[in-house]
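So the structure is just underneath, and the comments pick up after that.
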Amino acid sequence: MSSPSADRSAQVVAVVGATGRQGSAVVRHLLREGWAVRALTRNPASETARSLQAGGASLVTVDAEDVGTLLTAFDGAYGVFNVQNPMTVGIDGELRQGANVATAAARCGVQHVVYGAAGIGPGRTGVGSWDSKNTVAEHFRRQGVPLTVLRPMAFMELMTDRAYYPAVSVWHVMPRLMGGDRPVGWLCTDDLGAVAARVFAAPRRWVDTDLTLVADVRTIDECRALWAELHGRARRSFPMPVWLFERFVGTDLTTMWRWLRTAQFEMSTATTREILPEARTVREWLAALDGDARAEDIRG
Ligand SMILES: NC(=O)c1ccc[n+]([C@@H]2O[C@H](COP(=O)([O-])OP(=O)(O)OC[C@H]3O[C@@H](n4cnc5c(N)ncnc54)[C@H](OP(=O)(O)O)[C@@H]3O)[C@@H](O)[C@H]2O)c1
């Protein structure tokens, strides 16, 4: 494996999922660090894709279900950031698309893949969207692709992003199933992007590692108290019954939260602080929220 050259503008990182939460943060930070970035999307006309292009990324149209499109997108690339979202494509889709990315990265001779995964480590837990990440990581390893696995546990955006239905999920069903006094490892998605860029910049240190990414450890009860302290009122929650939540969202998250109720595992901030000493704590992230993110309605 060669190191990225000092002239990064000549070296390409292709970002799968570039219009998503993780991918867009990775694109932003790679561009800031001087890399040439290919932002992969099914829809280059979307507003998010256009804003990535305006920021300096080149857009490449792909469908990760189609290896041929990935081969074109990875051609000549030094690195690939990979992510799939099983909440939108299903776990089967995640496994298929992850395998396709691994195949294309291997065929194109990609020198470093950074994988935005999840879960507590390589062992199986019975949580579908964690075990699937380990299967995808195995695809990369089996094909001999130099790999770094990033494992954020909970994104701070769970507390506000309306797509996550926070009033129902993180502020109600999650503490109900896992316990509001259980520790949660938090990282904001922007810091995930910053970590990924630093990992790409230091392959000798980070290839072949599996990194738990936690910037702060806080219980949901502590997050609730911080919210009230910083914003002057309690965060509202919406008491949806678990069975109704499962009807809308499926059972993956409820299985995960039940698992977290009793599980014992390492949740250290050390690796994150080594890579990104300035990674935001929950207090810092909540304090910086703008009015829109703080706004409450039935969705969040
Ligand atoms: N939420 C949490 O707290 C948390 C914590 C740790 C880990 N995770 C993990 O984070 C992952 C989700 O990441 P995210 O939130 O960044 O996802 P996201 O915002 O949903 O982004 C996923 C992107 O994938 C692209 N995509 C979907 N289908 C595609 C296809 N067939 N071909 C190519 N691209 C496709 C979409 O882009 P286009 O529409 O532009 O094609 C989309 O923007 C999950 O695996 C989850 O397990 C989440």
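Reading the sequence shown from the start, the letters are residues 8 to 307 in my numbering. Cβ coordinates follow ideal geometry from the N, Cα and C atoms, glycine included. It should be emphasised that the depicted structure is a prediction, and the values quoted were computed from it without experimental measurement.
List the whole-angstrom C-beta distance separating A32 from A46, where the pair is believed to meet the contact cut-off of C-beta under 8 Å.
-> Locating residue 32 in the sequence shown gives position 25, counting from the first residue. Locating residue 46 in the sequence shown gives position 39, counting from the first residue. A32 to A46, Cβ: 12 Å. No contact.
Give the straight-line distance between the Cα atoms of T226 and G24, rounded to the nearest whole angstrom.
-> Numbered from 1 along the sequence shown, position 219 holds the residue referred to as residue 226. Numbered from 1 along the sequence shown, position 17 holds the residue referred to as residue 24. Distance between the alpha carbons of T226 and G24 is about 30 Å.
Which first and last residues belong to the beta strand (DSSP E) in which R131 is found?
-> By one-based count along the sequence shown, residue 131 stands at place 124. Taken as a continuous stretch (DSSP letters only), R131 belongs to no beta strand (DSSP E), as it is neither H nor E.
Can you grab the Cα-Cα spacing for the pair V22 / A203, in whole Å?
-> Counted from its first residue, the sequence shown places residue 22 at position 15. Counted from its first residue, the sequence shown places residue 203 at position 196. Their Cα atoms are separated by approximately 11 Å.
E164 to V177 span [Cα, whole Å] | Translated into the one-based positions of the sequence shown, residue 164 becomes position 157. Translated into the one-based positions of the sequence shown, residue 177 becomes position 170. Computed Cα separation, rounded: 10 Å.
Tell me whether P173 counts as near ligand 1, meaning its Cβ is closer than 7 Å to at least one heavy atom of that ligand.
-> To locate residue 173, count along the sequence shown from 1; it is residue 166. No, ligand 1 has no heavy atom inside 7 Å of this Cβ.
Nearest CA to the CA of V117: which residue from E291, N89, V175, A61?
-> The residue given as residue 117 occupies position 110 in the sequence shown. Nearest C-alpha to V117: N89.
Cα-Cα separation, C115 to N107 = Translated into positions along the sequence shown, residue 115 becomes position 108. Translated into positions along the sequence shown, residue 107 becomes position 100. When rounded, the distance between both Cα atoms is 12 Å.
Simplified DSSP state of F255, which is helix, strand or coil | Translated into positions along the sequence shown, residue 255 becomes position 248. Helix, per DSSP.
Would you report the Cα separation of R158 and H146, rounded to the nearest angstrom?
-> Residue 158 sits at position 151 when you count from the first residue of the sequence shown. Residue 146 sits at position 139 when you count from the first residue of the sequence shown. When rounded, the distance between both Cα atoms is 17 Å.
In terms of residue numbering, what span does the alpha helix (DSSP H) encompassing W178 cover?
-> Numbered from its first residue, the sequence shown carries residue 178 at position 171. Unbroken run through W178: none, as it is neither H nor E.
Using a Cβ-Cβ cut-off of 7 Å (strictly less than) and excluding sequence neighbours within five positions of M247, which residues of its own chain qualify?
-> Position 240 of the sequence shown, counted from the first residue, corresponds to residue 247. Contacts found: V175, H179, V180.
Between the C-alpha atoms of R169 and R28, what's the straight-line distance to the nearest angstrom?
-> Position 162 of the sequence shown, counted from the first residue, corresponds to residue 169. Position 21 of the sequence shown, counted from the first residue, corresponds to residue 28. Roughly 13 Å between the two C-alpha positions.
Cα-Cα separation, L194 to A222 = Taking the sequence shown and counting its residues from 1, the one referred to as residue 194 is at position 187. Taking the sequence shown and counting its residues from 1, the one referred to as residue 222 is at position 215. In a straight line, the C-alpha of L194 is about 5 Å away from that of A222.
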